[in-house]
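K.L.:
First, the structure itself, so that you have it in front of you.
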Amino acid sequence: MTLRPAPPDTGILFRRVGSTAEIRANWVNTIDSPLCTVLSNGEGNTVGTVEHLMAALAGAAVDNVVIELDGREVPIMDGSSAPFLFLIECAGVVQQDAARRAIKVLKEVAVTEDGASAALLPDHGFSMSFEIDFDNPLIRQQDICLVFDAETFKTELSQARTFGLLDELDRLRAAGFARGGSLDNAVVVGPDHVLNAGGLRYADEFVRHKLLDAFGDLYLAGGPLLGAFRGVRSGHSHTRRLVAALFADPEAWRYTTLSRVTQRSMAEWQDGMRLAGD
Ligand SMILES: [Zn+2]
Numbered sequence: 132m133t134l135r136p137a138p139p140d141t142g143i144l145f146r147r148v149g150s151t152a153e154i155r156a157n158w159v160n161t162i163d164s165p166l167c168t169v170l171s172n173g174e175g176n177t178v179g180t181v182e183h184l185m186a187a188l189a190g191a192a193v194d195n196v197v198i199e200l201d202g203r204e205v206p207i208m209d210g211s212s213a214p215f216l217f218l219i220e221c222a223g224v225v226q227q228d229a230a231r232r233a234i235k236v237l238k239e240v241a242v243t244e245d246g247a248s249a250a251l252l253p254d255h256g257f258s259m260s261f262e263i264d265f266d267n268p269l270i271r272q273q274d275i276c277l278v279f280d281a282e283t284f285k286t287e288l289s290q291a292r293t294f295g296l297l298d299e300l301d302r303l304r305a306a307g308f309a310r311g312g313s314l315d316n317a318v319v320v321g322p323d324h325v326l327n328a329g330g331l332r333y334a335d336e337f338v339r340h341k342l343l344d345a346f347g348d349l350y351l352a353g354g355p356l357l358g359a360f361r362g363v364r365s366g367h368s369h370t371r372r373l374v375a376a377l378f379a380d381p382e383a384w385r386y387t388t389l390s391r392v393t394q395r396s397m398a399e400w401q402d403g404m405r406l407a408g409d
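In terms of the working numbering, the sequence shown opens at residue 132 and continues consecutively.
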């Protein structure tokens, strides 16, 4: 995978090496997939597992980039966003001569299904909360609430890895999924202990990864959101349908132009969002 600079108003575009096909990273191009977020151009070209990269791009406030891939999936790396964020920071980002556009939530929108729910509510800044409840003694109930500022994504979420239960992984492998899954790219939870030698990166790494996934999926709205996300046991499909429900109701959102905002600093970005929101 190669990330290349792109001019203002390009957005986030995936390109398959050796093909002219382009797929815009936008919720309208997502297709149903049980385990990860998949984008499709409707002509047979797909890119899978985009959510951890999208989270890193959102965290680094990158609006315009061309992503070249020589395969059908974004590399899983260590199962988190940290390697992507590290490389983006090493490469550096530049402020472009264009105003940043955010999506302001104007009224509550929610989706509920199978005991799970996801909602967006109006807020002056951007915040997220999440609750999970697993029938596993190592996970159980975890909840988290984060109000985002410049460093929140990097320090609180970026390192949280994908996780799987050991018996579930066996079942997935038998069904042909998760073939590349290993202790190098996921937290594997056994009946009474975490199998990874280093243990967990955060005491509540599981709920933090669920939040990371939702943060990445929300960036498929086409820009940063000005609002509050609430997830309860929700997954990729809920977040996807939530964004669709938001845009389906013209009274639920509006664009907000953020002027004099640098992509270099999320603190300034957040200040800009507050100014624009108030
Ligand atoms: Zn994930």
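Using N, Cα and C, we set each Cβ at its ideal position, and we do this for glycine too. Quick caveat: nothing in here was measured; it's all calculated off a predicted structure.
#1: With DSSP collapsed to three states, give me the class of N167.
#2: Taking 8 Å as the cut-off, is the CB of D315 close to at least one heavy atom of ligand 1?
#3: Using a strict less-than 6 Å threshold between each residue's beta carbon and the heavy atoms of ligand 1, what residues do you get?
#4: What is the rounded straight-line gap between the Cα of G246 and the Cα of D280?
#5: Assign P139 to one of three DSSP states: helix, strand, or coil.
#6: Between the C-alpha atoms of A305 and A229, what's the straight-line distance to the nearest angstrom?
#7: Alpha carbon to alpha carbon, how far is S212 from E382?
#8: State yes or no: is the beta carbon of A241 nearer than 9 Å to at least one beta carbon in chain D?
#9: According to DSSP, is A306 part of a helix, a strand, or is it coil?
#10: Does the distance from the C-beta atom of L218 to that of G190 stay below 9 Å?
#11: Opposite V325 in the DSSP bridges: which residues?
#12: State the DSSP-derived secondary structure class of D335, mapped to helix, strand or coil.
#13: Using CA coordinates, which residue listed in S258, E336 and D264 is at the minimum distance from Q290?
#14: By the 10 Å Cβ neighbour count, where 16 or more other Cβ atoms means buried, how is L386 classified, buried or exposed?
#15: In the DSSP assignment, find the unbroken beta strand (DSSP E) run with M259 in it and report its ends.
#16: Quick one: grab the DSSP three-state call for S212.
#17: Quick one: complete alpha helix (DSSP H) runs, 4+ long, within the segment 145–205?
P.N.:
So, from the data block:
#1: Position 36 of the sequence shown, counting from 1, holds the residue named residue 167. The sequence shown places Cys at residue 167, rather than the Asn named in the question. In this structure, C167 counts as coil in the three-state DSSP scheme.
#2: The residue given as residue 315 occupies position 184 in the sequence shown. No, ligand 1 has no heavy atom inside 8 Å of this Cβ.
#3: E182, H183, T293, H340 and D344
#4: Mapped onto the sequence shown, residue 246 falls at position 115. Mapped onto the sequence shown, residue 280 falls at position 149. Taken atom to atom, the span from the alpha-carbon of G246 to that of D280 is near 31 Å.
#5: By 1-based counting over the sequence shown, the position of residue 139 is 8. P139: coil per DSSP, three-state reduction.
#6: Here residue 305 is taken as the residue at index 174 of the sequence shown, counted from 1. Here residue 229 is taken as the residue at index 98 of the sequence shown, counted from 1. Pairing A305 with A229, the inter-Cα distance amounts to about 50 Å.
#7: Counted from its first residue, the sequence shown places residue 212 at position 81. Counted from its first residue, the sequence shown places residue 382 at position 251. Pairing S212 with E382, the inter-Cα distance amounts to about 33 Å.
#8: In the displayed structure, chain D is absent; only one protein chain is listed.
#9: Translated into the one-based positions of the sequence shown, residue 306 becomes position 175. Note: A306 maps to coil in three-state DSSP.
#10: Here the question's residue 218 lines up with position 87 in the sequence shown. Here the question's residue 190 lines up with position 59 in the sequence shown. No, the pair does not count as a contact, with Cβ atoms beyond the cut-off.
#11: The count along the sequence shown starts at 1 and reaches residue 325 at position 194. Residue pairing for V325: DSSP places it in a beta bridge opposite V320.
#12: Looking up residue 335 in the sequence shown gives position 204. Correct three-state label for D335: coil.
#13: Against the sequence shown, residue 290 aligns to sequence position 159. Taking only the C-alpha atoms, the option nearest Q290 is E336.
#14: As a working note, residue 386 is residue 255 in the sequence shown. Note that residue 386 corresponds to Tyr in the displayed sequence, not to Leu. Exposed, since its Cβ has fewer than 16 Cβ neighbours within 10 Å.
#15: Mapped onto the sequence shown, residue 259 falls at position 128. M259 -> beta strand (DSSP E) spans F257 to D264.
#16: Residue numbering aside, residue 212 sits at position 81 when the sequence shown is read from its first letter. In this structure, S212 counts as coil in the three-state DSSP scheme.
#17: 182–190
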